[in-house]
Ligand code: MN
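Right, here's the structure in full:
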């Protein structure tokens, strides 16, 4: 991860960081009034800091665990040890958090989770079991761990009830849901802009908690776009399309006009939406297309959405999100254990953004949003 070699030649990464650092110094990147983006000692153009200890006190909120069920599967298990890592909610996880300077994790069950259980009553029963299990583990480490509820979205009323229970009785911070839900039939996909979910969203707004919209894989019967290219599935590409499309459906359904205080979180620096949002609005406007929303998609993106850095450790992409929505709506995350706490921290701690913005993204935005 070095940015210059022994002879002082700037590497590719160093070149980009230097460019971003110059822009940040000029106040163009890193939010308004970028204060001290380039340390004084780095006047030779290498903006990376020399200290090796991570910035401490970070809060991370797209961090996954799995309920220990031998029959359960989840995508990408590179080694048998990975499963143990995913299931651990004690010393191993805490040690990894320490390596990345993460003080607090808000944990969520790994995907596709409950969304892939077509049987409604089974999904409801399982949601209680998983959420109680998470709550038990949080009790063992209450200063380091918090939780997002897993919700049986197959039944909107049951999902609202379970969210209420998790927030009021278990102290959870909101919910994390893995994209569309299969309901009844294995080959079914229900999206949350659909009318039956309006009472559910009313509950989310009333409870004043966040809803993290996490991606999931397309169903086997709907993968024509990816045939012959399995590498496109998952975090490399299809996840971003899944979550960004679902988010646009929510916006275009008028949901945020009906419930203007809703707060939806997107991971992976916004799943491509901040980059594409101008074009979405521009096409809608120029072609005279109609959505059911009263505002532009950019307005919803800035007013009803928050974004995390999970699994997308790239300064250029971070700067784009900051320019579109501002640093107040971005929060640090890793996507553990799919991504590494230390790698995320190495990037974030040294990214050429202003120190006030770094503090906001690292923890103060999350403290405010989750009232921590
Ligand atoms: Mn994730």
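Numbering (my numbering), first residue to last: 529 to 900. Think of the CB as a built atom: it goes at the ideal place given N, C-alpha and C, for glycine as much as any other residue.
- Under the DSSP assignment, residue 702 falls in the beta strand (DSSP E) whose first and last residues are 702-706.
- Distance from residue 622 to residue 674 at the Cβ level is roughly 14 Å; contact not present, criterion being Cβ atoms closer than 8 Å.
- Secondary structure of residue 631 (DSSP, three-state): strand.
- If you check the CB distance, residue 700 and residue 663 come in under 9 Å.
- DSSP places residue 590 inside the beta strand (DSSP E), whose first and last residues are 586-593.
- In this structure, the alpha-carbon of residue 703 lies about 37 Å from that of residue 814.
- The alpha-carbon of residue 725 is positioned some 42 Å away from that of residue 582.
- If you draw a straight line from the Cα of residue 737 to the Cα of residue 714, it comes to about 30 Å.
- Nearest to residue 836 by alpha-carbon distance, out of 893, 785, 817, is 893.
- By the beta-carbon neighbour count (other beta carbons within 10 angstroms, threshold 16), residue 806 is exposed.
- The continuous stretches of alpha helix (DSSP H) do not include residue 742, which lies in the beta strand (DSSP E) extending over residues 738-742.
- Taking 8 Å as the cut-off, one finds at least one heavy atom of the ligand MN near enough to the beta carbon of residue 639.
- If you keep only unbroken alpha helix (DSSP H) runs of at least 4 residues inside the region 719-779, you get 726-735.
- Annotated three-state conformation of residue 676 is coil, per DSSP.
- Between the alpha carbons of residue 707 and residue 882 lies a distance of about 34 Å.
- Excluding five sequence positions before and after residue 679, the CB atoms of its chain that fall closer than 8 Å to its own CB belong to 642, 655, 687, 690, 691, 703, 705, given in chain order.
- Residue 675 has its CB no nearer than 8 Å to any heavy atom of the ligand MN.
- Proximity to residue 889 across 870, 767, 847, 866 peaks at 847, based on C-alpha coordinates.
- Pairing residue 695 with residue 821, the inter-Cα distance amounts to about 29 Å.
- Around the Cβ of residue 767, a 10 Å sphere holds 16 or more other Cβ atoms; the residue is buried.
- Look at residue 625 here: in three-state DSSP terms it is helix.
- Our two residues, residue 861 and residue 629, have alpha carbons roughly 12 Å apart in a direct line.
- Distance from the CA atom of residue 720 to the CA atom of residue 777, rounded to whole angstroms, is 8 Å.
- Going by DSSP, residue 851 is part of the alpha helix (DSSP H) stretching over 843-853.
- Per DSSP, the beta-bridge partners of residue 834 are 793.
- Contact between residue 585 and residue 891 holds: their C-beta atoms lie close to 5 Å from each other, under 8 Å.
- In terms of Cα proximity to residue 733, the closest of 783, 611, 660, 761 is 783.
- Judged by their CB atoms, residue 798 and residue 833 are nearer to each other than the 9 Å cut-off.
- For residue 662, the enclosing alpha helix (DSSP H) covers residues 648-668.
- The closest CA to that of residue 858, considering only 843, 626, 756, is found on 843.
- Per DSSP, residue 868 lies in no alpha helix (DSSP H) segment and is marked neither H nor E.
- Residue range 801-814 is occupied by the alpha helix (DSSP H) that includes residue 805.
- Your pair residue 595 and residue 636 does not check out as a contact, with CB atoms roughly 12 Å apart and the cut at 8 Å.
- With 16 or more other CB atoms across the displayed protein chains lying within 10 angstroms of its CB, residue 878 is buried.
- Straight across, the Cα-Cα distance linking residue 803 with residue 851 is about 10 Å.
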